[in-house]
Amino acid sequence: MATRKRTVVYDVRRHPELGAGGGIVSAPIVPVEGEVASDYSENFSGEHMLINIGPQHPATHGVLRLVLELDGETVIRCIPHIGYLHSSFEKLGEYRDWNQIVPLTDRMDYLAPLIYNCAYAMAVEKMMGVQVTERCKVVRVILMELDRIFSHLLWLGTTGIDLGAFTVFLYTFQERERIYNLHESYTGARITTSSTRIGGMMADLPAGWIEQLQSFISNFPRTLDEVETLLTNNAIWIGRTQDVGVITAEDAVNFGLSGANLRASGVAYDVRKDRPYYDYESYDFDVPVGEHGDIYDRYLCRMEEMRQSLRILQQAISRLPGGPINVSDPRVILPGKTATMNDMESMIHHFKIVMEGVRAPVGESWFSVESSKGELGMYVVSDGGSKPVRWRVRGPSFINIAALPHMIEGALLSDVIAVNASLDIVLGEIDR
Amino acid sequence: MRTMQAETIHPTGELSATAFVIISVIKLLVVFLVVLVTVAMLTLLERKISAWMQDRIGPNRVGPGGLAQPLADGAKNILKEESTPGQAHRVFFTLAPMLAIIPAMVTFGIIPFASPLPTPWGVVPMVIADVPIGILFLLAFSSLGVYGIVIAGWASSNKYALLGGLRAGAQMLSYEIALGMSLLSVFFLVGNVRLTEVVARQQEMGLWFALPLSISFLFFWISAFAETNRLPFDLPEAESELVTGYHTEYSSMKFSMFFIAEYAHMLTISMLMATLFLGGWDIPGWAGDNMVVRGAEVIGASPAVWKTILTLIMFGMKTFFFIIVFMLVRWTVPRFRYDQVMDLGWKLMLPTALAFVTVTAATILALDLAGIPYGFVFGFVLTVVNGIMLFGFLWLVDRGRTLIGGYQMEERRARARAIARFHKEEFDVGAG
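Residue numbers (numbering that gives the first Met the number 0), protein chains in the order written: chain F, 0 to 431; chain D, 0 to 431.
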């Protein structure tokens, strides 16, 4: 073992192999190497055991089903079966108004609902050419970074449980509880936030919310440090995570991984840096990049991302401008109650929006954000009506889990659980 | 070397046969009841400790401060419906919990828990049965416990349970050897396997064996974790991997018996460690309790009731210390992986234990040849020798030779692929 103490690299500039405009397209595409020539002539017939991990199992993070072919405890093959949580969100969206789709988005990734809300709203706003207000932008950045921490905390806790460290789970859930409270005091819901609307948010931040957030920001690093004390230099944790579930940078790119899973392999790709949205380029934050592509590097990356999210949160709070949170565009935002009651034009707008819904012009748009799990893309197509013709999601979990069989071939049963946990998947989004 | 230093002999006269039987029955009942209650309270203690470590409150509904929680759990488990899987082997399925719990209960019988008690009918040694084969009896019975687990795993006709049972079998086997090795050096010093003699010899030396045999103590302690299936060695039940391992299919009182067996086992091994390495019921720095019953006479200080009570408290404290450590460790560290457990047992602990036993034996031989009488100086030299070995061992371990996760991932992956391809035609679970 060459180095036991590892740190993440801060590569705030782009990866040299990525093009000037960022983006993953210019990364070297290496064909997946052919099947390894077999020099095994032993007959293993009947010696293998097929075992189902899931769909009901303590460690599948939902209803993922992995069919494992085991040789002793070594995994010969792994076949993931998905679809147990299929809810047909994308098709459902075609029968919903533009604004009615928002609740569907947060049910996809219930671990980072606000990011999904925002990403969807952004895609539609881009298509409609709506420019949200400065305040809305900053509020959305705050919400997205908050949910990045929210999601990473769940990942940390459940990965801890899957590796047998139960205490970490409760430490992280205590902090998550604080974020739940923040969700609740802003949106009224704890998980299914449904907070965005086309052209703004469903409401402005309530009084005292920023103070609540600030107390979270000031208390949170202590918990993070405590968890790091428990895990980062723990010999068993290192033994269970280092060099387990390794995926090389080439493979990671070829599998289409994104988020911390990709960055842990050494590819510095972060949508916030490479295709900045909402003035992310003006925030001062680093993107941690690992180099080994194993569970431990993913762990380090995510831990550091939480710290970086805190930095962004602090900067966002300090720059939070006043002014309206919603655009004053009557096409998308309901006029105020007084205006509706006293003003003919406003009443007509109110009537149109309520009766017909927001109408989008003919066109299509793609908007991708850096969600907690990776690159989250939202694609919407409009025929000019109040409902989308198509709504498609590029879910990071769905694509990340495709690399699971590759990562765990030849590993032990315990590693399957660990690698699966380290990928940070959410089945709601995979099955959609 | 076979006699106490302060040669005071108090002839006591043998107990009459009737008195012996009556007193034995009383001791048996009292010890059994105390042990059962302690085991029940241990479950509460575990939950309270984990709650304390995780910033929770823990059980507090039943009785004052949750004290009656074990009672409620017991009642619940008795009243619950008992289910047996249709495919299970009924005889063994029923037999397994009994096989698990009986050895754990029997072993309490030979552990001396206090200094001899003077009664009108003679001096009663505070041990249910001071069998001459003491430690051997204990080893034999504690390893019988694994039969219960392996049979449970096999009879359940469940793949998780089977894997759990297999893991338990392999683990117990591996660590039983290291356990036996670390006991060898105790035998060297005591020259006997009777547990009362072990206590007497530690009193005679004036040092608890934890110091002169520190390396054996460490190994015994590690093996104790493995023997009791506690984290970080809880692979047989590894909740996140094997659901709950060998007792996945068990419900109601049968499950409860496994549960009780685990805690009983923990209590036994804590008592045993207290006896073997922390001087049993010996109160440190006080010669007033240095006594041992040999045949019809008490050698050493004179027995007294208050001494019995004091030593009993002392023994309880020592046992409690080990139990607390068991629990603190459980809620702190993650779980080992199966191959790491095996590596630790066979590749590290067994050879090093062998080497250390040899060195300890050589040191004892040298000390005997040099004519140094058994006593404090004797122990001090051993302490120094063992201390150096312990330091060297820990230094070696800390260089990351044992716990690295770096088994050759690429190689294993290639092998798995080769095997998978070999079987593709006849064994394709992925089709459809």
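C-beta: ideal position from N, C-alpha, C; glycine also.
- Mind checking A167(D): buried by the 16 CB within 10 Å criterion, or exposed? The residue given as residue 167(D) occupies position 168 in the second sequence. It is buried - the Cβ of A167(D) has at least 16 other Cβ atoms within 10 Å.
- Item | Continuous beta strand (DSSP E) assignments of at least 3 residues falling wholly in the stretch 54 to 105 of chain D | none
- Pick out the complete beta strand (DSSP E) segments inside the stretch 331 to 403 of chain F, 3 residues or longer, and give them in chain order. 362 to 369, 374 to 381, 387 to 393
- Evaluate Q213(F) with the Cβ neighbour count: other Cβ atoms within 10 Å of its Cβ, from every protein chain shown; 16 or more gives buried, anything less gives exposed. Indexing the first sequence from 1 puts residue 213(F) at position 214. With fewer than 16 Cβ atoms within 10 Å of its Cβ, Q213(F) is classed as exposed.
- Relative to the C-alpha of L155(F), which residue among K351(F), M305(F), Y378(F), R274(F) is closest? Sequence index remark: in the first sequence, residue 155(F) carries index 156 (1-based). Answer by Cα proximity: M305(F).
- Message: Considering only heavy atoms of the ligand SAM, does any lie closer than 7 Å to the CB of L210(D)?
- Response: Ligands displayed in this structure: none; no statement on the ligand SAM is therefore possible.
- To the nearest whole angstrom, what separates the beta carbons of D288(D) and A273(D), a pair I think is in contact under 8 Å? Taking the first residue of the second sequence as position 1, residue 288(D) is located at position 289. Taking the first residue of the second sequence as position 1, residue 273(D) is located at position 274. Not quite, the Cβ-Cβ distance comes to about 15 Å (not below 8 Å), so this is no contact.
- Run through DSSP, which three-state label would N233(F) get? Position 234 of the first sequence, counting from 1, holds the residue named residue 233(F). The answer is coil: DSSP assigns N233(F) none of H, G, I, E or B.
- Item | Same chain, Cβ closer than 7 Å to N116(F), five either side skipped, listed in chain order | Locating residue 116(F) in the first sequence gives position 117, counting from the first residue. Same-chain partners within the cutoff: V101, T104, D105, T192, S193, S194, T195.
- Task: Report yes if the CB atom of N76(D) is closer than 8 Å to the CB atom of M265(D), and no otherwise.
- Result: Your numbering for residue 76(D) matches position 77 in the second sequence. Your numbering for residue 265(D) matches position 266 in the second sequence. No. Outside cutoff.
- Could you check what DSSP says for T195(F) in three-state terms: helix, strand or coil? On the first sequence, position 196 is the one that residue 195(F) refers to. DSSP places T195(F) in strand when its eight states are reduced to three.
- Item | Cβ shell of G373(F) (< 8 Å), same chain only, five flanking positions each side left out | Stepping through the first sequence from its first residue, residue 373(F) is reached at position 374. If we look at G373(F) and ignore the five residues flanking it on each side, its Cβ neighbours are L256, S257, G258, A259, N260, L261, P395, S396, I398, N399.
- Task: Could you give the DSSP three-state label for N228(D): helix, strand or coil?
- Result: Numbered from its first residue, the second sequence carries residue 228(D) at position 229. In this structure, N228(D) counts as coil in the three-state DSSP scheme.
- Assign E280(F) to one of two classes, buried (16 or more other C-beta atoms within 10 Å of its C-beta) or exposed (fewer than that). As a first step, residue 280(F) is located in the first sequence; it is residue number 281 there, counting from the start. Exposed, by the Cβ-count rule.
- Which residues DSSP lists as bridging G121(D), in chain order: Taking the first residue of the second sequence as 1, we reach residue 121(D) at position 122. Partner(s): T118(D).
- Message: Going by C-alpha to C-alpha distance, which of S250(D), F218(D), F325(D) sits closest to A95(D)?
- Response: Indexing the second sequence from 1 puts residue 95(D) at position 96. Taking only the C-alpha atoms, the option nearest A95(D) is S250(D).
- Establish whether the CB of S194(F) and some CB of chain D are separated by less than 8 Å. Along the first sequence, one-based indexing puts residue 194(F) at 195. With 8 Å as the cut-off, S194(F) does not count as an interface residue toward chain D.
- Task: Note down the Cα distance separating S421(F) from L271(D), rounded to an integer number of angstroms.
- Result: Counting from 1 along the first sequence, the entry for residue 421(F) is found at position 422. Counting from 1 along the second sequence, the entry for residue 271(D) is found at position 272. Approximately 40 Å, taken between the alpha carbons.
- Message: Taking the straight line between their C-alpha atoms, what separation do you get for R229(D) and A251(F)?
- Response: As a first step, residue 229(D) must be located in the second sequence, where it is residue number 230. As a first step, residue 251(F) must be located in the first sequence, where it is residue number 252. If you take the alpha carbons of R229(D) and A251(F), they lie about 37 Å apart.
- Item | Beta-carbon contacts of L319(F) that lie in its chain and below 8 Å, excluding the five residues immediately before and after | Counting from one through the first sequence, the residue named residue 319(F) turns up at place 320. Once the five neighbours on either side are set aside, the close Cβ partners of L319(F) are R134, V137, V138, I141, I209.
- Item | Inter-residue spacing [alpha-carbon to alpha-carbon] between L182(D) and T357(D) | Position 183 of the second sequence, counted from the start, is the residue given in the question as residue 182(D). Position 358 of the second sequence, counted from the start, is the residue given in the question as residue 357(D). So the two alpha carbons sit approximately 13 Å from each other.
- Name, going along the chain, the residues of the stretch 224 to 247 of chain D whose beta-carbon falls closer than 9 Å to a beta-carbon of chain F. L230, P231, D233, L234, A237, E238, S239, E240, L241, V242, T243
- Find the residues of chain F that neighbour W330(D), judging by a C-beta separation of less than 8 Å, and give them in chain order. Residue 330(D) sits at position 331 when you count from the first residue of the second sequence. F165, T166, listed in chain order.
- Query: Using the beta-carbon of each residue, which ones in chain F are nearer than 8 Å to M52(D)?
  - Reply: On the second sequence, residue 52(D) is found 53 positions in, with the first residue counted as 1. What M52(D) touches in chain F: T166.
- Item | Span separating the alpha-carbon of L49(F) from that of D338(D) | Here residue 49(F) corresponds to residue number 50 of the first sequence, with the count starting at 1. Here residue 338(D) corresponds to residue number 339 of the second sequence, with the count starting at 1. Rounded to the nearest angstrom, the two C-alpha atoms are 20 Å apart.
- State buried or exposed for P63(D), treating a residue as buried only when at least 16 other CB atoms are found within 10 Å of its CB. Stepping through the second sequence from its first residue, residue 63(D) is reached at position 64. Looking at its Cβ environment, which holds fewer than 16 other Cβ atoms inside 10 Å, P63(D) is exposed.
- Query: Cβ of P30(F) less than 8 Å from any chain D Cβ?
  - Reply: The residue you call residue 30(F) lines up with position 31 of the first sequence. Note that P30(F) scores 42 on pLDDT, short of 50, meaning its location in the model is unreliable and no value can be drawn from it.
- Query: Going by other Cβ atoms of all chains shown within 10 Å of its Cβ, with 16 needed for buried, is S86(F) buried or exposed?
  - Reply: Indexing the first sequence from 1 puts residue 86(F) at position 87. The residue in question, S86(F), is exposed, as its Cβ has fewer than 16 Cβ neighbours within 10 Å.
- Tell me whether N325(F) sits in a helix, a strand or coil according to DSSP, three-state version. As a first step, residue 325(F) must be located in the first sequence, where it is residue number 326. Three-state DSSP puts N325(F) in coil, outside helix and strand.
- Query: According to DSSP, is D288(D) helix, strand or coil?
  - Reply: Numbered from its first residue, the second sequence carries residue 288(D) at position 289. The answer is helix: DSSP assigns D288(D) an H, G or I state.
- Item | Which listed residue (M143(F), M126(F), H47(F), L229(F)) has its alpha carbon closest to that of L113(F) | Position 114 of the first sequence, counted from the start, is the residue given in the question as residue 113(F). The option with the nearest alpha carbon to L113(F) is M143(F).
- Query: Counting along the chain, where does the beta strand (DSSP E) carrying H80(F) start and finish?
  - Reply: Here residue 80(F) corresponds to residue number 81 of the first sequence, with the count starting at 1. Its beta strand (DSSP E) spans residues 73 to 80.
- Query: In chain order, which alpha helix (DSSP H) runs of at least 4 residues are fully inside the stretch 302 to 383 of chain D?
  - Reply: 304 to 329, 337 to 341, 349 to 368
- Task: Look at the alpha carbon of F257(D) and the alpha carbon of G238(F), and state the distance between them as a whole number of angstroms.
- Result: Stepping through the second sequence from its first residue, residue 257(D) is reached at position 258. Stepping through the first sequence from its first residue, residue 238(F) is reached at position 239. Rounded to whole angstroms, F257(D) to G238(F) spans 30 Å at the Cα level.
- Just checking my contact of P115(D) with P302(D) at CB under 8 Å: how many whole Å lie between their CB atoms? For the purposes of this step, residue 115(D) is taken as the residue at position 116 of the second sequence. For the purposes of this step, residue 302(D) is taken as the residue at position 303 of the second sequence. Rounded, the Cβ-Cβ distance is 5 Å, consistent with contact.
- Task: To the nearest angstrom, report how far apart L412(F) and R64(F) are at their CA atoms.
- Result: Along the first sequence, read from residue 1 onward, the residue named residue 412(F) stands at position 413. Along the first sequence, read from residue 1 onward, the residue named residue 64(F) stands at position 65. If you take the alpha carbons of L412(F) and R64(F), they lie about 14 Å apart.
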